[in-house]
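Inspection log for the structure reproduced underneath, given as structure tokens.
Residue numbers (this note's numbering): 47 to 411.
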């Protein structure tokens, strides 16, 4: 086998597809069932479709995003309407299946229920270990999410309390007519340390459902002794702006996940291996958007693998171009995100100011 990919999310499927399209053999190993719902707010920006040639007519989405509703800590609100499509609200199972089918059509093999880790021999990654079987491959691409067990197995740093966050959300049943009336096709963001210290809460509409969740940094969980479930329950039942919208919504099931941001895993490449997607920290700090960056890191990892295989040299000397190209593509976004975090995310007065500026701008323009 030329390449083994660990993880069948957007990064893994995109990387594998890029490799298979060039005629190389690639297998993706997924630790759980191949088709399942993953914890995620489910916002997909329109640039995902543009950059990856995805046709919205294929209906992988539940709703088209028309704007963003923001609520400040003091419950001042502003609505920012997108003149064009601002993106899509998706259930991850449906969206991920779309990417998996595209990869399968390119010749990628998927194996689910496969607990997998890098296979190291003589200090070098030589393939993957699945259960008790060692499978050799020329390159391994780890796309196993946060925290990356593959990175940890390789002795790589997997983050601190300041570049990892915890999230908790409910998928809630809600009548579409009520969603249309009370929430609309809008991403809703709620700031306020009283509800989620150093983080925020959200409501994302779907088809007959809403995703309602919150998230904050690990250091904040410890510093303020935060229980995200209790915070979310209180938000749903007591928030003066959000709770009236959710009074008839019924909890279907909870979800929780960790998110790693820039620097969570270093390095992200070495001899015969690369790390991509959430596992490598390609997530927007202010918005939590990960799908777009995961897919780009997957594509670049796949293209880097193709180059290495063509040169018959899979050493870090060749694979280092992965880091170079991904920095050029999304590095500015990542740096801007950290700047915005320092400016807005941790300071309520700046959150109030941001909402006020947008309210004034709407009046003047």
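Don't be surprised by glycine CBs; every beta carbon is placed ideally from N, CA and C.
Computed from a prediction, not measured in an experiment: that's the story for all the values here.
Its chain contains 75, 76, 77 and 176 as the residues whose beta carbon lies nearer than 7 Å to that of residue 160, once the 5 sequence neighbours on both sides are disregarded; these appear in chain order.
Sorting 124, 306, 266 and 139 by C-alpha distance to the C-alpha of residue 204 places 306 at the top. Put simply, of 327, 229 and 382 the residue whose alpha carbon is nearest the alpha carbon of residue 252 is 229.
DSSP, reduced to helix, strand and coil, places residue 248 within a strand of the structure shown. The beta carbon of residue 91 sits closer than 6 Å to the beta carbons of 133 and 338 from its chain, once the five residues preceding and following it are set aside; these are given in chain order. Checking the DSSP bridge columns, you'll see residue 50 partnered with 73 and 186. Listed in chain order, the non-local C-beta contacts of residue 241 below 8 Å within the same chain comprise 247, 260, 277, 280, 281 and 285, local neighbours out to five positions each way being set aside. Across the structure, residue 206 and residue 266 are spaced so that their CA atoms are roughly 12 Å apart. For residue 138, the enclosing alpha helix (DSSP H) stretches over residues 138–152. The closest CA to that of residue 217, considering only 97, 108 and 300, is found on 300. Three or more beta-carbon pairs drawn from the segment 187–204 and the segment 319–328 are found closer than 8 Å, and the two stretches are therefore classed as touching.
Rounded to whole angstroms, the separation of the alpha carbons of residue 219 and residue 256 is 7 Å. C-alpha of residue 263 to C-alpha of residue 250: approximately 21 Å in a straight line. The segment 93–107 makes no contact with the segment 162–181; the number of CB pairs closer than 8 Å stays below 3. Counting only runs of at least 3 residues, the segment 209–264 fully encloses the following beta strand (DSSP E) elements, listed from N- to C-terminal order: 210–219, 232–237, 246–251 and 255–263. When secondary structure is reduced to three states using DSSP, residue 62 falls in the helix class. Across the structure, residue 245 and residue 347 are spaced so that their CA atoms are roughly 31 Å apart. By the Cβ-count criterion, residue 107 is buried, with 16 or more other Cβ atoms from all chains shown falling within 10 Å of its own Cβ. The alpha helix (DSSP H) runs lying completely inside the segment 278–337 and spanning 4 residues or more are 289–292, given in chain order.
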